Each structure stands twice: as structure tokens, then as C-alpha cells.
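In our numbering, each number is its position in the sequence shown, counted from 1, plus 1.
Each residue gets a CB set at the ideal place from its N, CA and C atoms; glycine is no exception.
Predicted model, so just to flag it, every value in this text is computed and none were measured.
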Amino acid sequence: MTDNARKEYLNQFFGSKRYLYQDNERVAHIHVANGNYYFHGHIVPGWQGVKKTFDTAEELEIYIKQHGLE
Numbered sequence: 002m003t004d005n006a007r008k009e010y011l012n013q014f015f016g017s018k019r020y021l022y023q024d025n026e027r028v029a030h031i032h033v034a035n036g037n038y039y040f041h042g043h044i045v046p047g048w049q050g051v052k053k054t055f056d057t058a059e060e061l062e063i064y065i066k067q068h069g070l071e
């Protein structure tokens, strides 16, 4: 990966960060880069260490709804 490609990827990744909440507590965040959706749990009970990658926004939204996140 060239320096420019790496910079573009990192800008996409960190520029797309969105927090997710459960019962008004911030429990995770997502990133979007190169058409992939990355889910990272925070250090709270039930979410610590959770890392998932989704191929589509629809898959991610289903996961979010199944787990009562907003």
C-alpha cells in the first residue's frame, strides 16, 4: 500500500467513526473504510473485546438492531 493509499484509508476509517449506545451508555463504535464496516466494542460488560467486520451496511444494521443498539 502506498503512503497516499494508506493515508486515504486511515482518513476514511477514522473520519467515519460513529458511537453506538445501549441504555444510554456508549458501548461500541463503528468505522467504514473501503466498503467494509468495522464494529468495535468498548470496555464495558458484554462488549469488551468484541470486534466484527461486515460487508454491507444492511448486515451491520441487522446486528445493531438484534443487540438493541442505537
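Coil, strand or helix - residue i by DSSP
i   : result
I44 : coil
N35 : coil
E71 : coil
CB of residue i within 8 Å of CB of residue j, strictly
i   : j   : result
H43 : R19 : no
A29 : F15 : no
L21 : L70 : yes
A6  : S17 : no
Element boundaries [alpha helix (DSSP H), containing residue i]
i  : result
K8 : 4 to 16
Segment limits, beta strand (DSSP E) that includes residue i
i   : result
Q23 : 19 to 23
T54 : 52 to 55
Of the listed residues the options, nearest to residue i (C-alpha basis)
i   : options          : result
A51 : I65, T57, A34    : According to the sequence displayed, residue 51 carries Val and not Ala. For the residues I65, T57, A34, the minimum Cα distance to V51 belongs to I65.
G36 : G47, Q13, R7, M2 : Q13
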